[in-house]
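The numbering of the sequence shown is our numbering, which starts it at 324 and goes up by one. Note that beta-carbon positions come from the ideal geometry of N, C-alpha and C, so glycine has one too. Keep in mind that this is a model prediction, so the values were computed, not measured.
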Amino acid sequence: MKKNRRFFAVLTAAALAAANLSGCGGSGQNGGGDAPAQAEDASQGGKEGKGDPGELNIYTWAEYVPQDVINQFEDETGIRVNYTNFEANEEMLAKLETSKGGDYDIIIASDYIIKIAADEGLVKELDQGKLPNFKNIDPVFQNFFYDPDNKLTIPYGPGIPLLVYDPSAVACEITGYESLWDPSLEDSLALMDSERVVMGMALKTMGESFNTEDPDVIRAAGEKLMGLAPNVRVLSQNQTQDYLLSGEVGAAFLFTSQVVLALSQNPQLQVVYPKEGLGFGVDAAFIPSQAPNSDNAHAFLNFILDGEIGAQVAQQTYYLCPNQASYEFLDEEFKKSLVISADDIPKGEFIQDVGAEATALHEELWTEFKSALD
324 MKKNRRFFAV
334 LTAAALAAAN
344 LSGCGGSGQN
354 GGGDAPAQAE
364 DASQGGKEGK
374 GDPGELNIYT
384 WAEYVPQDVI
394 NQFEDETGIR
404 VNYTNFEANE
414 EMLAKLETSK
424 GGDYDIIIAS
434 DYIIKIAADE
444 GLVKELDQGK
454 LPNFKNIDPV
464 FQNFFYDPDN
474 KLTIPYGPGI
484 PLLVYDPSAV
494 ACEITGYESL
504 WDPSLEDSLA
514 LMDSERVVMG
524 MALKTMGESF
534 NTEDPDVIRA
544 AGEKLMGLAP
554 NVRVLSQNQT
564 QDYLLSGEVG
574 AAFLFTSQVV
584 LALSQNPQLQ
594 VVYPKEGLGF
604 GVDAAFIPSQ
614 APNSDNAHAF
624 LNFILDGEIG
634 AQVAQQTYYL
644 CPNQASYEFL
654 DEEFKKSLVI
664 SADDIPKGEF
674 IQDVGAEATA
684 LHEELWTEFK
694 SALD
């Protein structure tokens, strides 16, 4: 879920709690990390295909990798970065399948889609000998379903979507997803435009998993979601928090980064951990199986795993920081804006692939719901 935009989706008391769990800071002269691979090593990256040894091709959401981080990498290594963006994970996967993983060197995408790509043989195993800063990854953010052995990815943007409301603008108590169906919230909700996340919200009110494949249960969730339509004023993927901040809506279901941004501008907003259960997700970086500049890709991954660089990334994307060497470099104001405990992470449920039949049914019901909002 670009990322001031989508699931899974941070708020960081988690980063601080995670620091207590795993230790914080790191050694070395380069911000808690070892120096990134030098350009002369990276220049071998073209040996695997049609790559340019002086280039790195990144494919992810628009503006997800901060431009100043890209500039610094280019200055330090002499490698030129070509940045291409996609709008949706599914768009990325279709492109990756067509090229057989040969057009890009690094892709940053969501956990569930990485699992599909890996199962199709489109993800390259990392050479950890080229990633001395791999040790900086907080173990809290490793060993997940899409990469159980930590051989394929590095975590980039973990997060948890939450409910946020303005207590001066709503007449009901909001304690969880079910509260959003309250009639007093008519035409007063903003939701992220994310099919599986919002459908998952309805499933959770029924005591079901985000990942059920039972068509009867999925249809029942779709019917329940239709009952929410009168309360929904805004369905938006980008900057959804702005509708809450402007007073156009009184409550919102937001991606992690949007929650952080909203609280930074209005500390009086209230955050709700839905009693029905949390979702959790990770955007991660991987190298496609036929990446033309694999060595350059390793150099960049090692670069962003540096402690200071990792802090820059976290503070500009507003997601949880998965780099334990970065915690000492995070600004105090940023730390205060984060509201998740690391203890909450194991309680969250990942959204995962549910197979072709259930996916098609989700798409059908989501289309019906969006039509009801017109």
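- Judged by DSSP in its simplified three-state form, Ser617 adopts helix.
- Apart from sequence neighbours up to five positions away, no residue of its chain approaches Gly530 with a beta-carbon distance below 7 Å.
- Under DSSP, Tyr488 takes part in a beta bridge, and its partners are Ala574, Gln593.
- In the DSSP annotation of this structure, the continuous segment of the alpha helix (DSSP H) that includes Pro538 starts and ends at 538–549.
- Taking the Cα of Gly424 as reference, the smallest distance to any Cα among Ile610, Ala683, Leu653 is reached at Ile610.
- In the pairwise beta carbon analysis, the segment 621–628 is classified as not touching the segment 512–524: fewer than three pairs are separated by under 8 Å.
- Residues of the same chain with a CB within less than 8 Å of the CB of Gly550, apart from the 5 flanking positions on each side, are Trp504 in chain order.
- When Cβ pairs closer than 8 Å are counted between the two stretches, the segment 427–436 is seen to touch the segment 595–612, the count reaching three or more.
- By the criterion of at least three beta-carbon pairs nearer than 8 Å, the segment 634–653 is not in contact with the segment 401–411.
- A residue is called buried once 16 or more other Cβ atoms fall within 10 Å of its Cβ, and Ser491, having fewer, is exposed.
- For the pair Ile381 and Asn646, the CB atoms are not nearer than the 9 Å cut-off.
- Rounded to the nearest angstrom, the Cβ distance from Tyr469 to Tyr435 is 7 Å, consistent with a contact under 8 Å.
- Glu410 and Glu680 have their alpha carbons spaced roughly 24 Å apart.
- Nearest to Gly633 by C-alpha distance, out of Glu546, His621, Pro389, is Pro389.
- Assignment of Ala411 by DSSP, reduced to helix, strand and coil, places it in the coil class.
- Burial is judged here by how many other beta carbons sit within 10 angstroms of a residue's own beta carbon; Leu696 has fewer than 16 and is exposed.
- Met529: not part of any alpha helix (DSSP H); DSSP gives it neither H nor E.
- In this structure, Val595 keeps its C-beta atom at 9 Å or more from the C-beta atom of Ser517.
- Excluding sequence positions up to five before and after Ser511, its CB lies within less than 8 Å of the CB of Ala492, Val493, Asn554, Arg556, Val572, Gly573, Ala574, all in the same chain and listed in chain order.
- Taking C-beta atoms under 8 Å as the contact rule, Leu508 and Cys495 qualify, at a distance of about 7 Å.
- In this structure, the beta-carbon distance from Phe603 to Pro481 falls below 9 Å.
- Separation of Pro471 and Gly452 (C-alpha to C-alpha, rounded to the nearest whole angstrom) is 19 Å.
- For Val582, the enclosing alpha helix (DSSP H) has its first and last residue at 579–588.
- Thr400 has its alpha-carbon roughly 22 Å from the corresponding atom of Thr476.
- Going by beta carbons, Leu558 and Ala513 fall inside the 9 Å limit.
- Under the DSSP assignment, Thr400 falls in the alpha helix (DSSP H) whose first and last residues are 390–400.
- In the three-state reduction of the DSSP assignment, Phe609 falls in the strand class, which pools E and B.
- Under DSSP, Pro478 takes part in a beta bridge, and its partners are Ala607.
- In summary, Asn394 is exposed, with fewer than 16 beta-carbon neighbours lying within 10 Å of its beta-carbon over all protein chains present.
- Around Ile439, the same chain offers Leu416, Asp676 as residues with beta carbons nearer than 7 Å, after the five sequence neighbours per side are excluded.
- With contacts defined by Cβ atoms closer than 9 Å, Ser649 and Glu672 do not form a contacting pair.
- In the DSSP annotation of this structure, the continuous segment of the alpha helix (DSSP H) that includes Ile439 starts and ends at 434–442.
- Counting along the chain, the unbroken alpha helix (DSSP H) around Glu680 starts and ends at 678–696.
- Around the beta carbon of Asp489, 16 or more other beta carbons lie within 10 angstroms, which makes this residue buried.
- A Cβ-Cβ distance of about 29 Å is found for the pair Glu378 and Asn561, leaving them out of contact under the 8 Å criterion.
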